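To start, the structure under review is shown below, and the notes come after it.
Number of protein chains: 2
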Amino acid sequence: MTSSFATAQALAAATPSDLPRSPLTGLMMYQPLLISTIIEYARRHYPHTEIVSRRVEGDLHRYTYADCHARSCQLAHALQQAGVALGDRVATLAWNGYRHLEAYYGVSGIGAVLHTINPRLHPEQLAYIIRHAEDKFLLFDLTFLPLVEAIAPHCPGVQWVALCGAAHMPKESKLAQLICYEDWIGAQPAQIDWPQFDECSAASLCYTSGTTGNPKGVLYSHRSTVLHAYGSALPNAINVSACDVVLPVVPMFHVNAWGLPYSTLLSGAKMVFPGPALDGKSLFEIFENERVSFSAGVPTVWLGLLTYMKQNQLQFSTFKRTVIGGSACPPAMMDSLIDDFGVEVVHGWGMTEMSPLGTAGSLMASHLALPKDQQRKILQKQGHAVYGVDMKIVNEEGQEQAWDGKSWGHLLVRGPWIASGYFKGEGGDVLHDGWFDTGDVASIDPDGYMQITDRSKDVIKSGGEWIGSIELENIAMAHPAVAQAACIGLPHPKWDERPLLVVVKKPDAEVDAPALLAFYQEKVAKWWIPDDVAFVEALPIGATGKVQKNKIREQFQDYQFPA
Amino acid sequence: MTSSFATAQALAAATPSDLPRSPLTGLMMYQPLLISTIIEYARRHYPHTEIVSRRVEGDLHRYTYADCHARSCQLAHALQQAGVALGDRVATLAWNGYRHLEAYYGVSGIGAVLHTINPRLHPEQLAYIIRHAEDKFLLFDLTFLPLVEAIAPHCPGVQWVALCGAAHMPKESKLAQLICYEDWIGAQPAQIDWPQFDECSAASLCYTSGTTGNPKGVLYSHRSTVLHAYGSALPNAINVSACDVVLPVVPMFHVNAWGLPYSTLLSGAKMVFPGPALDGKSLFEIFENERVSFSAGVPTVWLGLLTYMKQNQLQFSTFKRTVIGGSACPPAMMDSLIDDFGVEVVHGWGMTEMSPLGTAGSLMASHLALPKDQQRKILQKQGHAVYGVDMKIVNEEGQEQAWDGKSWGHLLVRGPWIASGYFKGEGGDVLHDGWFDTGDVASIDPDGYMQITDRSKDVIKSGGEWIGSIELENIAMAHPAVAQAACIGLPHPKWDERPLLVVVKKPDAEVDAPALLAFYQEKVAKWWIPDDVAFVEALPIGATGKVQKNKIREQFQDYQFPA
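First to last, the sequence lines map onto chains D and C.
So the first sequence is numbered by the working numbering: it starts at 57 and just counts up by one.
So the second sequence is numbered by the working numbering: it starts at 57 and just counts up by one.
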C-alpha cells in the first residue's frame with residue numbers, strides 16, 4: 057500500500073494513469089476541470105453581473121457575464137471555423153478589457169492555448185516568442201498596431217486580428233491582411249457545446265523573461281488553472297465574493313492577471329477593467345464611479361493613486377482591500393493604505409511558474425490581539441502558502457532548514473499549479489526531487505510565514521555563511537545622502553566572497569566610504585558590514601525597472617578589496 | 057474537436073482516461089487530490105493552530121494541528137499493521153472531537169474508507185449498514201458502548217475500538233474483544249509517507265436514510281472531497297480563514313460535518329469541538345471561552361442557544377457568522393440572529409449525495425443598497441450554486457424551466473462532488489442524462505437564487521399544475537389555533553389530486569374547517585386552497601424529527617373529498 061513512486065520527482069512528472077487505483081473507486085460524477093466550466097457557471101448563475109471596461113477607444117463599455125459568455129462562444133466558433141484545433145496557440149497583445157476576457161474563455165474553451173504576450177518586451181523578443189510559440193492568430197488592441205507592423209515581417213504564418221469594430225479599423229496598414237474582430241465574431245452563434253477533453257491539456261502559455269537567455273514559456277493546464285482559481289479565491293488569499301467589485305490593475309498579459317479573470321467570474325463579482333489609463337486621477341475616478349471594493353497590482357501603481365488622493369484630500373468610499381504583489385509593498389505605503397485610507401493590505405507572492413500565487417500574507421486568529429506594530433510586521437512578510445502549494449527552504453546541500461524565522465535557505469515549491477518544466481523543454485529538467493527552485497532565498501517563521509530575504513544569485517557567501525544583499529541595501533538607502541544602493545558579492549581570497557556596496561549619491565549630498573560603513577554599526581552583525589563602498593553615477597536598470605546586479609558584477613569584475 | 061461523449065450521462069460516468077487528450081499537455085506538476093494533502097498542509101503551514109475538544113469524559117482537551125497530524129499518522133500505522141488495505145472500510149460511531157478527526161485523516165490517508173455512522177439510526181439499521189459496508193474496524197465513543205454491545209452479535213468480523221485511554225476502558229464488556237484506541241496507536245511512529253494513489257479512489261462512505269427501504273451508501277472519492285473542500289471554503293459559501301475560530305455543531309457523522317473537518321484545516325482556522333453537550337448554556341460558554349467566530353448547524357440548535365441568551369440577557373463577543381442548513385432557518389430566527397445578536401446568517405443547502413454543499417445564500421454587490429427587508433427576503437432563499445455545482449429545474453417531461461423566480465421544477469444537480477450512484481449499485485441507475493435528481497421542487501430567480509418550494513413527492517398535482525404543500529402548511533401554522541399542520545395531495549376524480557389539510561389544534565384552542573379555509577383567502581390563488589381539513593391528535597414524526605407525510609397519506613388513503 058505504499059506509493060509506487062520511488063521519488064517525489066517521479067510523482068511530479070506522473071499522470072493520473074500512472075497512479076495505483078484503489079479496488080474501490082468513489083461513486084462521484086467525473087467532470088474534467090476545464091476553463092469552460094467557469095464561463096458556463098458565470099453565465100448560468102450570475103448572468104446579470106456587470107463587466108465594465110475602459111476601452112482603448114476611450115469610452116466606458118458595459119455588459120454582463122451573459123454577454124461575455126455569448127461573445128466568448130462567438131469567438132470560439134470563429135476560431136474553430138478558421139481551423140484552430142486542440143493544442144493550437146492563439147496570442148494576445150492587449151490591455152485589460154472585455155475583449156481580452158473573451159479570448160481567455162473563447163480560446164481556452166475550445167482546447168486551444170491562449171498565449172498572452174507582454175507588450176513591454178523588446179520587439180526582437182516579441183518576434184522570438186511568437187515564432188517559438190508557433191502562434192496561429194494574434195489578437196491585438198489598436199494601441200499595438202505599430203508594434204505589430206514592426207514584428208509582422210519576422211512572424212510568418214500568423215494571422216492578425218484587430219480588437220475593434222469596423223469603424224475603428226485602421227484605414228491603411230503595413231499588414232498584408234488584417235481581420236476585424238467584431239466583424240469576425242459577429243455572425244457566429246452565441247452558444248456552444250464546449251468540447252470535453254482531458255483536464256491536463258494545455259490551456260494557456262506565458263513567457264517569463266529571465267535576466268539571461270531567451271524567454272521561456274510556462275504552459276498552464278486546464279486542471280492547474282481551475283485549481284489555482286479555487287485556491288487563490290480562498291478567504292486567506294484573494295478572498296473575493298459576489299459582494300465585491302474587482303478591478304485588476306495587474307495586466308492580463310502578466311501571468312493571467314494573477315488568475316483574476318478566472319477567480320472573479322467563479323465568485324460572481326462585478327469586474328472593472330481600467331484599460332491603459334493607470335494614472336492616479338483615472339484610477340481614483342473609476343474606483344469611485346464603479347464602487348470598486350477590491351484591487352490587485354504592483355506597489356508602484358498605488359504610489360500614483362495615493363499621491364493624487366493626498367494632494368486632493370480624497371478618501372475612498374468603497375475600496376476595502378488590496379492584494380499587492382510583484383515586489384514587496386514598502387512599509388510606509390502599507391501604513392498609509394491601512395492607516396490613512398482604511399484599505400486592508402495583503403501581500404501576495406508568487407511567480408509566472410506558479411500560476412502565480414504561492415503565498416498570501418493575512419493574519420491568524422492568534423494575532424488579532426497583538427498591538428498594531430506587531431501585526432504590521434507580520435503583514436510585511438510574504439505570508440502563508442495557500443493550500444495546494446507546499447514550500448521548503450534548503451541549504452546548498454539540499455537539506456531542509458528549520459522554520460524558526462532566522463534560518464535561510466533556497467526556497468523550493470511544489471503543487472498542482474506549479475511548473476514541471478518549460479515549453480519545448482527549454483531550460484532542461486528544472487525540478488529537484490520534485491520541487492521547483494524559485495531562485496529566491498527565504499526564511500519561514502514557526503507560524504509558517506515566509507519572508508523573501510534575497511535572490512539566490514544575489515546572496516553573498518562569506519566564510520560559509522550567507523549575507524543578504526537586500527538588507528544591506530535597505531540600510532544604505534536609509535542614509536540621507538544615498539539615492540540608490542546595490543550590494544554585490546565579489547571574490548575574496550580568504551572569505552570566498554565579501555560585500556561591496558555600490559552607491560549613487562543624492563544630488564548635492566556628500567558622504568564618504570568610512571562614514572557610510574560606520575552607518576552599519578549596531579544595525580547588522582559585524583561580519584555583514586560591507587568591506588568597501590564604490591560611488592557611481594547611476595545603476596543599470598532593466599526593462600522591468602529592476603536594478604541589474606549581473607551588470608554591476610560585470611562592471612566590478614576586476615575590483616580588488618583593500619588589503 | 058467536439059466531445060466524444062454522446063450524452064452528459066456518458067460523461068458523468070466517465071473516467072479521466074476516457075477523455076480525448078490534447079496533443080499539447082500542460083507542463084504543470086501532477087499531484088493527485090488526496091485527503092492526506094490537507095493534514096500535511098495543516099502540519100507544515102499551521103502547526104501551532106489549536107484544536108479544542110470537549111471530551112465524552114467531560115473535560116476540555118487541547119492540542120495543535122501538528123499533534124493531530126502526528127496521531128493521525130499513528131492511527132494510519134496501526135490500521136496498516138492490522139491489515140487494513142486500500143479500499144477497506146473503517147467505521148466510526150463518535151461525536152465531534154479530536155479522535156474522530158484523527159480517524160478522518162488516518163483512515164482516508166492510507167486509502168481506506170472512513171464510514172461515519174449516525175448513532176441515531178435504529179440498531180437494526182446500524183447493524184444492516186455495518187454489514188453492508190463490510191466494516192473491518194469500528195471506532196466508537198464510550199457513550200455508544202451499550203449500542204455497540206447490542207449490535208455486535210449481528211456484525212461478525214468487525215473489530216471494536218473504544219476511543220479512550222486505558223484508564224477509561226470499560227471494566228467489563230459483552231464484546232469478546234475490545235481494543236483501547238490510545239494503547240493501540242500509542243507506540244506507533246508519529247510520521248508517515250502517505251501512500252499516493254488515484255484521486256478517484258473511495259475516501260469515505262455515508263449512508264442516507266430514505267423514507268422507504270434500506271439506507272443507501274454515498275461513496276465519496278478523494279477528488280470529490282478535496283474539490284468540495286475548496287468550493288465550500290470559498291467566500292461565497294463557508295468563508296473560513298485563518299482568522300476564524302470554527303465550531304462545527306453539525307455532527308461529523310452527518311455528511312462529514314458539511315466538510316468542515318477538511319475546509320477548516322486547509323484554512324488554518326482554530327477548531328472547537330463541542331462534544332455531545334449542545335444545550336444553550338454549554339454552547340454559549342464554549343463560544344465565549346474559545347472565542348468562536350463561525351459555526352454551522354441545523355436551525356434547532358440555535359433555538360436553544362438563543363433562548364438561553366435571551367433569558368440571561370447575554371451577547372456574543374466574538375461570534376460573527378453562521379451557516380444554517382439541514383432545513384430552512386425560520387425567518388424569525390434569522391431576524392433575531394442578525395438584529396438582536398449581530399450574527400451574519402448564510403443559508404446552506406445540499407444533501408448527503410452532494411458532499412453536501414450545493415448552494416449558499418449570500419448577497420451580491422447589487423443588493424448592498426437594498427432596504428433591509430428586501431435583503432432579508434433574498435437571504436431566506438437557499439442561494440447560489442457554489443462554483444463546481446450546476447443546477448436546473450425541469451418539468452415532468454424533463455424540459456428546463458425558466459429562471460424567473462416563479463416557475464417551479466424538479467431540481468437536478470451535477471458536479472464533481474455529486475453522487476453518480478450508490479454503494480454496491482443500490483437504487484440502480486440514479487442519473488438522468490448526467491444529472492442527479494435531488495427529490496426537491498424549486499424555483500430559481502433571474503439572479504440565480506434557488507428556493508426550495510417542496511419535496512417532489514409532496515407536491516400536489518391539481519389540474520396539470522403544481523400546488524406547494526409547504527406554503528399551504530406555513531399559512532395554516534400562522535393561524536393562532538393551529539399547533540401542527542401537514543398538507544397532502546389525495547386522489548380526486550376531476551383534478552387528479554386535491555389538497556387535504558391535516559391539523560393538530562393547540563390545547564384549548566378551537567377552530568373549524570370553514571374558518572381555517574377562509575383563512576387562506578387572499579393569501580394564495582383560489583385553486584390552491586385545500587378542499588378540506590382533517591383534525592387529528594398528532595402527526596407521525598420520523599427519527600430525524602420530520603413529519604412523515606407518507607404515513608399521513610397511508611392514513612387517509614380511503615378519504616373521500618366532499619362532493
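The beta carbon of each residue, even a glycine, is placed where N, CA and C say it ideally should be.
Note that the structure is a prediction, hence the values are computed from the model and not measured.
Pick from LYS448/D, VAL560/D, ASN606/D: whose alpha carbon is nearest that of ALA537/D? Position 481 of the first sequence, counting from 1, holds the residue named residue 537/D. Ranking the options by Cα distance to ALA537/D, first place goes to VAL560/D.
Should TRP473/D be flagged as near chain C, meaning a C-beta pair shorter than 8 Å? As a position in the first sequence, residue 473/D is number 417, starting the count at 1. Yes, TRP473/D counts as interfacial toward chain C.
Could you check the C-alpha separation between SER59/C and SER73/D for me, to the nearest Å? As a position in the second sequence, residue 59/C is number 3, starting the count at 1. As a position in the first sequence, residue 73/D is number 17, starting the count at 1. Model confidence at SER59/C stands at a pLDDT of 41, short of 50, so the residue's coordinates are unreliable and nothing is read from them.
Separation of GLU521/D from LYS605/D, as counted between CA atoms: Here residue 605/D refers to the residue found at position 549 when the first sequence is read from its first residue. Here residue 521/D refers to the residue found at position 465 when the first sequence is read from its first residue. If you take the alpha carbons of LYS605/D and GLU521/D, they lie about 20 Å apart.
Opening and closing residue of the beta strand (DSSP E) in which TRP405/D lies: Taking the first sequence and counting its residues from 1, the one referred to as residue 405/D is at position 349. For TRP405/D, the enclosing beta strand (DSSP E) starts and ends at 400-406.
Spatial neighbours of MET57/D within its chain, please: C-beta separation below 7 Å, excluding the five flanking residues on both sides. Taking the first sequence and counting its residues from 1, one reaches residue 57/D at position 1. Unreliable positioning characterises MET57/D in this predicted model, as indicated by a pLDDT of 32, which lies under 50. The coordinate reading is nonetheless provided below. Once the five neighbours on either side are set aside, MET57/D has no close Cβ partner at all.
Taking C-beta pairs closer than 9 Å, name the residues in chain B that HIS133/C reaches, listed in chain order. Of the chains in the structure shown, none is chain B; the protein chains are D and C.
Could you tell me which residues DSSP puts in a beta bridge with ILE508/C? In the second sequence, counting from the first residue as 1, residue 508/C sits at position 452. Looking at the DSSP assignment, ILE508/C forms a beta bridge with ALA498/C.
Go ahead and label PRO563/C buried or exposed: buried means 16 or more other beta carbons lie within 10 angstroms of its beta carbon, across all protein chains shown. Taking the second sequence and counting its residues from 1, the one referred to as residue 563/C is at position 507. It counts as exposed.
Chain C residues whose Cβ lies nearer than 8 Å to that of ASN622/D: As shown, chain D starts at 57 and ends at 619. That puts residue 622/D outside it, with no answer to give.
Range covered by the beta strand (DSSP E) that runs through LYS480/D: To locate residue 480/D, count along the first sequence from 1; it is residue 424. That residue, LYS480/D, is in no beta strand (DSSP E); it is neither H nor E in DSSP.
Proximity test, Cβ basis, 8 Å: PHE479/D and chain C: Position 423 of the first sequence, counted from the first residue, corresponds to residue 479/D. Yes, contact with chain C.
Rounded Cβ spacing between VAL354/C and SER383/C (contact assumed at less than 8 Å): Within the second sequence, the letter at position 298 stands for residue 354/C. Within the second sequence, the letter at position 327 stands for residue 383/C. Contact holds; Cβ gap of about 7 Å.
Could you tell me whether the segment 132-142 of chain D touches the segment 236-249 of chain D, using the rule of 3 or more Cβ pairs below 8 Å? yes
Would you say THR71/C faces chain D, with C-beta separation under 8 Å as the test? Position 15 of the second sequence, counted from the start, is the residue given in the question as residue 71/C. The Cβ of THR71/C sits closer than 8 Å to at least one Cβ of chain D.
Who are the Cβ neighbours of GLU106/D in its own chain at under 7 Å, not counting the five residues just before and after it? Counting from 1 along the first sequence, the entry for residue 106/D is found at position 50. The residues are ARG118, THR120, LYS326.
Cβ-based burial, TRP583/D [other Cβ within 10 Å; buried from 16]: As a working note, residue 583/D is residue 527 in the first sequence. So TRP583/D counts as exposed.
ALA537/D CB to nearest chain C CB: under 8 Å? The sequence position of residue 537/D within the first sequence is 481, counting from 1. So no, ALA537/D is outside the interface.
Taking buried to mean at least 16 other C-beta atoms within 10 Å of its own C-beta, is GLN616/C buried or exposed? Against the second sequence, residue 616/C aligns to sequence position 560. GLN616/C is exposed by the Cβ-count criterion.
Tell me the residue span of the beta strand (DSSP E) that contains SER629/C. An answer regarding residue 629/C cannot be provided, because it is not within the stretch 57 to 619 covered by chain C.
At the 8 Å Cβ level, is GLY367/C part of the contact set with chain D, yes or no? Here the question's residue 367/C lines up with position 311 in the second sequence. It should be noted that the sequence gives Gln, not Gly, for residue 367/C. No, GLN367/C lies away from the interface with chain D (no Cβ there is under 8 Å from its Cβ).
Decide yes or no for the touch test of the segment 340-348 of chain C against the segment 309-319 of chain C: beta carbon pairs closer than 8 Å, at least 3 of them. no
Any idea what DSSP makes of ASP514/C, helix, strand or coil? Here residue 514/C refers to the residue found at position 458 when the second sequence is read from its first residue. Correct three-state label for ASP514/C: helix.
Can you list, in chain order, the residues of the segment 427-449 of chain D whose Cβ is nearer than 7 Å to any Cβ on chain C? Taking 7 Å as the cut-off between beta carbons, the residues of the segment 427-449 of chain D near chain C are HIS440, ALA441, TYR443, ASP446, in sequence order.
Would you identify the three-state DSSP class for PRO88/D, choosing helix, strand or coil? Looking up residue 88/D in the first sequence gives position 32. Coil at PRO88/D, not helix or strand.
Between which two residues does the alpha helix (DSSP H) carrying ARG155/C extend? On the second sequence, position 99 is the one that residue 155/C refers to. 154-165 is the span of the alpha helix (DSSP H), which, as asked, contains ARG155/C.
The alpha helix (DSSP H) with GLN136/D in it runs from where to where? Here residue 136/D corresponds to residue number 80 of the first sequence, with the count starting at 1. Residues 121-137.
Could you have a look at ILE186/C and say whether DSSP puts it in helix, strand or coil? Working through the second sequence from its first residue, we reach residue 186/C at position 130. Reduced to three states, the DSSP call for ILE186/C is helix.
To the nearest angstrom, how far is it from the Cα of ALA475/C to the Cα of GLN215/D? Working through the second sequence from its first residue, we reach residue 475/C at position 419. Working through the first sequence from its first residue, we reach residue 215/D at position 159. Cα atoms of ALA475/C and GLN215/D: separation of roughly 45 Å, rounded to the nearest angstrom.
What span of residues does the alpha helix (DSSP H) with GLY242/D cover, start to end? The sequence position of residue 242/D within the first sequence is 186, counting from 1. That run of the alpha helix (DSSP H) goes 237-242.
Output yes if chain D places a C-beta closer than 8 Å to the C-beta of THR58/C; else output no. Locating residue 58/C in the second sequence gives position 2, where the first residue counts as 1. Caution applies to THR58/C, whose pLDDT of 36 falls short of 50 and renders its modelled position unreliable; the value that the coordinates give is listed next. Cβ-Cβ to chain D under 8 Å: yes for THR58/C.
Beta-carbon within less than 6 Å of ALA122/D's beta-carbon, same chain only, minus the 5 sequence neighbours each way: which residues are those? One-based indexing of the first sequence puts residue 122/D at position 66. Within the same chain, ALA122/D has close Cβ partners ARG99, PRO103.
Compile a chain-ordered list of the residues in the segment 103-119 of chain D whose CB is closer than 9 Å to at least one CB of chain C. Only PRO103, HIS104, THR105, GLU106 from the segment 103-119 of chain D bring a Cβ to less than 9 Å from some Cβ of chain C.
In the segment 257-282 of chain C, which residues sit with their C-beta less than 8 Å from some C-beta in chain D, listed in chain order? SER257, ALA258, ALA259, VAL274, LEU275, TYR276, SER277, HIS278, ARG279, SER280
What do you reckon, are the CB atoms on LEU572/C and HIS548/C nearer than 8 Å? On the second sequence, position 516 is the one that residue 572/C refers to. On the second sequence, position 492 is the one that residue 548/C refers to. No, the Cβ-Cβ distance between LEU572/C and HIS548/C is not below 8 Å.
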